[in-house]
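Residue numbers (this note's numbering): -7 to 394.
Even for Gly, the Cβ is constructed at its ideal location relative to N, Cα and C.
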Amino acid sequence: IMTFQIQTDRGKGGTLRRKSGLWWIFGRQLADLRSLIAIFMFLFLLVMPIAMLILGRDIFTELANRHNVPYHEADGMTVVYYLGIPLRFNRAFFSFHLIVVTLSSVAVLVMGGSLFRPLYRRETVDFEWSLPLTKSQWFLGRALALVVGLSLVYLVNIIATSGIVYVWGLKEILGGYLLVYLKTYLSAIAFTGFSLVFFSLVGRLFDAIVLNIMIHLASPLMLLIMSNPYYIGDIRKQSSLHKLVWLFAPAFDTYREIAMDRNFLYYVILIVFWFVFGWFCAMKRPAEWGGRKSGSMRWFRSIQTFFSVAGGIIAGNLFYAFDFTSFQLHQTKLLRPAFIIGAILGAFLGQLISSAITGKTLQRVPSERTAKRRLHPVLYEWLWSLLGVVILYAVELVSQVI
């Protein structure tokens, strides 16, 4: 057995070949992802080029000819709006594109969860850290494998789609869509970096996925009803506050890529920021976090305030919307009793829901450390939710100014 090991570990020149390093872990993880890459590659092909073939050349050509860029209503062209402005590419791609964007976010979560799964089990964490790898190599190899896997899916899909469009003689509609497709891909890479932060911070894979989804649900709801509770807000608004909140919902922000006209520097900065931040979180992660409930970690307290603010804004505006006396009085919304009550209740509800999902303790646990604590954990949560109400009022005031 020893002879076999020596022979397989040595190269042709007799020198010992070390099986470790960044490229080794990258190749290993990319090979582990090949099944998932094949699955999502098939799904991308199914919802775009295969769906186009099922639809047929005649129907797709009719859609493309009826909805051309630029739009001229006088020439009989139909103006198709998305988020209040005309599409920046031919409408024939619209439905296929939205499904691709959705699948892209699912692919990031599924493939990322598969790559970082060893972090969440104590026995596998000890094994991974015992490998002849640095933490930086371990993280970067997986991050690179995730980016390459997603890139292969995007690349194969657009090559097949472009081939069909070219054969059908509609290559003039492809240029505008290729630019949107490229920026959508860059948005997906930004969401990948954002997800790596949670994969590196949390103690359970369940928490990483749920927290990611919760933030992506809370952020758009905050922005849509923050300015006015009686109608859906302008999703295209680009105030400083809106831009800041959209940073925490990059997957949902990808849907706006069809309407927003951004330069490539924006994507470069966003990608670099989230990947560097994810790398920093991975370097600071101790092995003892494996399997630990995220609600019991110190960093979660700062994240949880986000859910309190979201719950307060949603409930406060909902209560205010049903306060019909607000039409008769010229009192500001922030001073209305209905808004105040809703904000306090909503912030507390957001605090409790996020605590329950992430496993934060909501009952007294008899131990030496908690025996000295006079406040009940639920009352403790209530007091922390009041901080969310304070931030809520600050956000509402700022949103009315900028």
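- If you compare the alpha carbons of L197, V387 and K127 with that of K285, the shortest gap goes to L197.
- Here the alpha carbons of E120 and F32 stand approximately 27 Å from one another.
- Remark: fewer than three beta-carbon pairs, one from each stretch, lie closer than 8 Å, so the segment 254 to 265 and the segment 89 to 105 are not flagged as touching.
- With contacts defined by Cβ atoms closer than 9 Å, W271 and A386 do not form a contacting pair.
- When DSSP states are grouped into helix, strand and coil, H368 belongs to the coil group.
- Pairing V382 with R248, the inter-Cα distance amounts to about 30 Å.
- DSSP places T153 in the helix class (H, G or I) of the three-state scheme.
- If you draw a straight line from the Cα of F131 to the Cα of A43, it comes to about 37 Å.
- In this structure, A339 is the residue among S154, A339, M206 and G141 with its C-alpha nearest to the C-alpha of L378.
- Relative to the Cα of S192, the nearest Cα in the group C273, L326 and L38 belongs to C273.
- Residue environment for W281: buried (at least 16 other C-beta atoms within 10 angstroms of its C-beta).
- Annotated as distal: T53 and L170, with beta-carbon spacing of 9 Å or more.
- Counting along the chain, the unbroken alpha helix (DSSP H) around W121 starts and ends at R114 to W121.
- Annotated as proximal: F267 and L188, with beta-carbon spacing under 9 Å.
- Our two residues, E373 and G141, have alpha carbons roughly 41 Å apart in a direct line.
- Residues G282 and G283 of the same chain have their beta carbon placed closer than 8 Å to that of R113, with the five preceding and five following residues left out of the count.
- Looking at E388, L389 and L344, the one whose alpha-carbon comes closest to that of P369 is L344.
- By the neighbour-count definition (other C-beta atoms within 10 Å, threshold 16), A279 is an exposed residue.
- The alpha helix (DSSP H) runs lying completely inside the segment 243 to 299 and spanning 4 residues or more are 256 to 276, given in chain order.
- The Cβ neighbour count for K235, taken over all protein chains shown within 10 Å, is under 16; the residue is labelled exposed.
- With the rule of 3 Cβ pairs closer than 8 Å, the segment 81 to 97 does not count as touching the segment 12 to 27.
- From the listed residues V237, N255, W291 and D253, the smallest Cα separation to V301 is found for V237.
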